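Shown next, in structure tokens, is the structure this report addresses.
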Amino acid sequence: MSRRLALALITLAAGAGLLAAAALGSGARVSSGGIFEVGDTGNLDSVDPAIANETTSWMFEAATGANLFRDSGGLVIPEVAKRFTVSKNGRVYRFLLRSGYRFSDGQAVRAASFAYAIKRSLNPDLDSPGGSYVVDQRGLNIVGALRYAAGRADSVSGVHASGLNLTIKLVRADPSLLTVLAMPFFQAASSKLPLTREAIGVQQVGDLPTAGPYTWSYNAPNQQANIVRNPYYTGTRGRHVDGVELDMQLDPETCFQETQASQLDLGCLPPGHRAAVAQQNGVSRSKPVGTGRFWIKSSPVEWTLLFNFRRLFAGNPQLRQAVSWALDRTAMADQIDPYAMTPWTHSIPPGFPGVVTAQRLQPYSLKPDLAKARQLAVGHMGDGSIHVAYQSEGKAGPLTAEAVRQALVGLGFDASRIEMRGFSGYDLYTAADTHGTPFDLVVGMGFGVPMPSADPASFVGEGLVGLGLGDFDPANASYNKAFHILSRTLNGKARLRALGRFDVQVMKNFAPVAVLSVSNDLTFFSDRVDPESLRYSPDYGWSFTALRLK
726 MSRRLALALI TLAAGAGLLA AAALGSGARV SSGGIFEVGD TGNLDSVDPA
776 IANETTSWMF EAATGANLFR DSGGLVIPEV AKRFTVSKNG RVYRFLLRSG
826 YRFSDGQAVR AASFAYAIKR SLNPDLDSPG GSYVVDQRGL NIVGALRYAA
876 GRADSVSGVH ASGLNLTIKL VRADPSLLTV LAMPFFQAAS SKLPLTREAI
926 GVQQVGDLPT AGPYTWSYNA PNQQANIVRN PYYTGTRGRH VDGVELDMQL
976 DPETCFQETQ ASQLDLGCLP PGHRAAVAQQ NGVSRSKPVG TGRFWIKSSP
1026 VEWTLLFNFR RLFAGNPQLR QAVSWALDRT AMADQIDPYA MTPWTHSIPP
1076 GFPGVVTAQR LQPYSLKPDL AKARQLAVGH MGDGSIHVAY QSEGKAGPLT
1126 AEAVRQALVG LGFDASRIEM RGFSGYDLYT AADTHGTPFD LVVGMGFGVP
1176 MPSADPASFV GEGLVGLGLG DFDPANASYN KAFHILSRTL NGKARLRALG
1226 RFDVQVMKNF APVAVLSVSN DLTFFSDRVD PESLRYSPDY GWSFTALRLK
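Residue numbers are given in this note's numbering: position 519 of the sequence shown equals residue 1244, and the series is strictly consecutive.
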């Protein structure tokens, strides 16, 4: 799964100490060791940490890399960093590294290893996706990064390394630095990695040195990639299996059958098999259910109904709320492929840090409440006409559009005065992003947040600006100011809770968009995997360092 829409850096609060390794049960049926077999119909985009930029590759990077900080349930916690200080103006960060971390070729990890990772991410010849995260002129911007990335300097002047001491200077204060440093792009980089080109070939341990619990032992692009335990790793993270092997470009049906037969431990689940797999194994979401083989997790991709704030819905929160109450979100989700969508009502998806899940606190119901909707809409429907744009491509778009049309009729709009117009593919975004567009509603607009996506601020921010599309951006100064204060001044769990409550209140009272559903990530495991050992992250997928085989 590739990086998503929206290009905003994310602020996560720094944890206070290093997370201890998760203590997993060690019953008689569970043992350490064994090779975890993974099958995929596609390819691994890269094994080079500066280039790898998809969810599958990040699963491997999370297991092989060692970062200054790493993500833990929406918070960033120190890993190689022992402690750090921040200057009073918030622009200078000084890190002291832990001693003892070593690459898989035996070389010690030093501050220069992280400085080199930053330099590689910015090198104009390497063209790493990571560079944009540290050279954003309106966001996080390391001093000297722009000059180096443009080829006007030989080094990044704002990064200085000496022994175990690393200093990073920013153009302006930005607490998102710690979150960015937790991304795979900025893991400790061995000097063996070329500065100007991608590291590709791996024939044995040490060819592509990494400092995490595991390391690369083999890579044949588009065919197979393997990791094994890093023989020099002394950190606290788990590594229960001996290694992980990825077979690429498999036929979907073959991949499924091999997973069903437990020849693959993590494989494929084509849409035609989902219902049967769910019936045979049960559906696990937050804890194992049934066999614990079939799991559904919410992705960072949401589907929305956008309101035009220059036409019918301008200064009209009553009608925006009324539309949300009239929608049958459950029916919309059910008409798509089985288990593909979860109906939802606000910006932070289920399972993500900060989310409010209590039924009594939801801003809207998943089923329509037409009595409440009609009461809110009285006197706020303009001349009774409404113009709707929708995604005409594929199966989901037209079905969702028809469900919205029926909701509008149920709300009280005359069916003959509801104008529906379909747009294919990206043309829908173009229509929505055009100032003066004639459409009051846009149906089926999907959005996702960039990785790392575990910060609730990224979701709330996207919903608050209507995805930032032309006339569909509410541009409400009061709510934007409140959001800025919550996301930039609070820390830790208090910040997560505050953003979760703010999300619900914004959707309930202001209704900048109507969230319809969240896309699901579906996973099918073999019966060799201990389901109690499974740990999931929205950004990094399933943790190879936590899982155990039976």
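Idealized CB from N, CA, C, for every residue including glycine.
The structure presented is a predicted model; accordingly, all values stated were derived computationally and were not measured.
Assuming residue i is part of the alpha helix (DSSP H), what are its boundary residues?
| i | result |
| --- | --- |
| Asp1152 | 1152 to 1157 |
| Ala1003 | 999 to 1006 |
| Pro1068 | Where Pro1068 is concerned, there is no enclosing alpha helix (DSSP H), although the beta strand (DSSP E) it sits in stretches over 1066 to 1068. |
| Leu1044 | 1042 to 1051 |
| Arg1036 | Unbroken run through Arg1036: none, as it is neither H nor E. |
| Tyr873 | 870 to 874 |
| Ala777 | Premise fails: Ala777 is in no alpha helix (DSSP H) and is neither H nor E. |
| Ala1098 | 1095 to 1102 |
What would DSSP say about residue i, mapped onto helix, strand or coil?
| i | result |
| --- | --- |
| Pro1013 | coil |
| Thr892 | strand |
| Asp1198 | coil |
| Lys807 | strand |
| Gly1171 | strand |
| Phe1269 | coil |
| Arg823 | coil |
| Ser857 | helix |
| Leu1277 | Given that the chain is displayed from residue 726 to residue 1275, the structure contains no residue 1277 and the question cannot be resolved. |
| Ser1203 | helix |
| Gly815 | coil |
| Ala986 | coil |
| Gly764 | strand |
| Gly1217 | helix |
| Gly1147 | strand |
| Val1231 | helix |
| Ser1249 | The residue asked about is misnamed: residue 1249 is Phe in this sequence, not Ser. In this structure, Phe1249 counts as strand in the three-state DSSP scheme. |
| Ala833 | strand |
| Val1239 | Here residue 1239 is Ala; the residue named in the question, Val, does not match the sequence. DSSP places Ala1239 in strand when its eight states are reduced to three. |
| Ile1061 | coil |
| Lys1275 | coil |
| Leu865 | coil |
| Ser838 | helix |
| Leu1133 | helix |
| Ser1212 | helix |
| Val1185 | helix |
| Leu991 | strand |
Would you give the residue range spanned by the beta strand (DSSP E) that residue i belongs to?
| i | result |
| --- | --- |
| Glu1027 | 1019 to 1032 |
| Gln1355 | Because the chain spans 726 through 1275 in this model, residue 1355 falls outside it and cannot be assessed. |
| Val905 | Run containing Val905: none in the beta strand (DSSP E); it sits in the alpha helix (DSSP H), 902 to 906. |
| Arg795 | 794 to 797 |
| Ser887 | 884 to 887 |
Where residue i and residue j are concerned, what is the direct C-alpha to C-alpha distance, given to the nearest angstrom?
| i | j | result |
| --- | --- | --- |
| Val927 | Ile1021 | 34 Å |
| Ala898 | Leu1221 | 21 Å |
| Thr921 | Leu847 | 10 Å |
| Leu1272 | Ser1258 | 5 Å |
| Ala1098 | Leu1136 | 6 Å |
| Ala1236 | Leu1030 | 11 Å |
| Ala986 | Asp765 | 16 Å |
| Val1168 | Gly1122 | 8 Å |
| Ala1239 | Ile1111 | 16 Å |
| Pro1063 | Ala1001 | 10 Å |
| Ala745 | Ser797 | For Ala745, the predicted structure reports a pLDDT of 30, less than 50, and the residue's modelled location is therefore unreliable. The matter cannot be settled from this model. |
| Trp1069 | Pro849 | 42 Å |
| Thr1159 | Asn1033 | 11 Å |
| Gly750 | Arg877 | Residue placement at Gly750 cannot be trusted, given a pLDDT of 33 that sits under 50; what the coordinates show is reported in the next sentence. Their backbone Cα atoms lie some 55 Å apart in a straight line. |
| Ile776 | Asp861 | 18 Å |
| Thr979 | Gln1131 | 41 Å |
| Gln1100 | Arg1085 | 21 Å |
| Gly960 | Ala914 | 17 Å |
| Pro854 | Glu779 | 11 Å |
| Leu800 | Phe820 | 18 Å |
| Gly758 | Asn944 | 21 Å |
| Leu1215 | Ser1024 | 25 Å |
| Glu923 | Phe910 | 12 Å |
| Arg872 | Val881 | 8 Å |
Taking CB distances under 7 Å as the criterion, tell me whether residue i reaches chain D.
| i | result |
| --- | --- |
| Asp932 | Note that chain D does not occur in the displayed structure, where there is just one protein chain. |
Notebook entry, point to check: With a cut-off of 8 Å, do at least 3 Cβ pairs link the stretch 1137 to 1148 to the stretch 1110 to 1125?
Noted result: Cβ pair count under 8 Å is three or more, so yes.
Item checked: Contact between the stretch 823 to 842 and the stretch 944 to 958 (3+ Cβ pairs under 8 Å) -> The stretch 823 to 842 makes contact with the stretch 944 to 958: 3 or more CB pairs, one atom from each, lie closer than 8 Å.
Next item on the list: Give, in chain order, every unbroken run of the alpha helix (DSSP H) that is at least 4 residues long and sits entirely within the stretch 910 to 984.
Entry: Within the stretch 910 to 984, no complete alpha helix (DSSP H) run reaches 4 residues.
Next item on the list: Inspect the CB distances between the stretch 1207 to 1222 and the stretch 1001 to 1013 and report whether three or more fall short of 8 Å.
Entry: No, the stretch 1207 to 1222 does not touch the stretch 1001 to 1013.
Margin query: Between the stretch 1051 to 1059 and the stretch 1200 to 1214, can you find at least three pairs of beta-carbon atoms closer than 8 Å?
Written below: Between the stretch 1200 to 1214 and the stretch 1051 to 1059, the count of C-beta pairs closer than 8 Å stays below three; the two stretches do not touch.
Notebook entry, point to check: Do the stretch 858 to 875 and the stretch 808 to 815 touch if we need at least three Cβ pairs shorter than 8 Å?
Noted result: With a cut-off of 8 Å, the stretch 808 to 815 and the stretch 858 to 875 do not count as touching, because too few Cβ pairs lie within range.
Next item on the list: Indicate whether the contact test is met: 3 or more Cβ pairs, each with one atom in the stretch 1065 to 1080 and one in the stretch 1032 to 1046, closer than 8 Å.
Entry: No: fewer than three Cβ pairs fall under 8 Å.
Checklist line | Validate contact between the stretch 1185 to 1193 and the stretch 1254 to 1269 using beta carbons, cut 8 Å, 3 pairs | finding: Not touching, per the Cβ criterion.
Next item on the list: Count the CB pairs spanning the stretch 966 to 976 and the stretch 934 to 951 that are closer than 8 Å, and state whether there are at least three.
Entry: Yes: at least three Cβ pairs fall under 8 Å.
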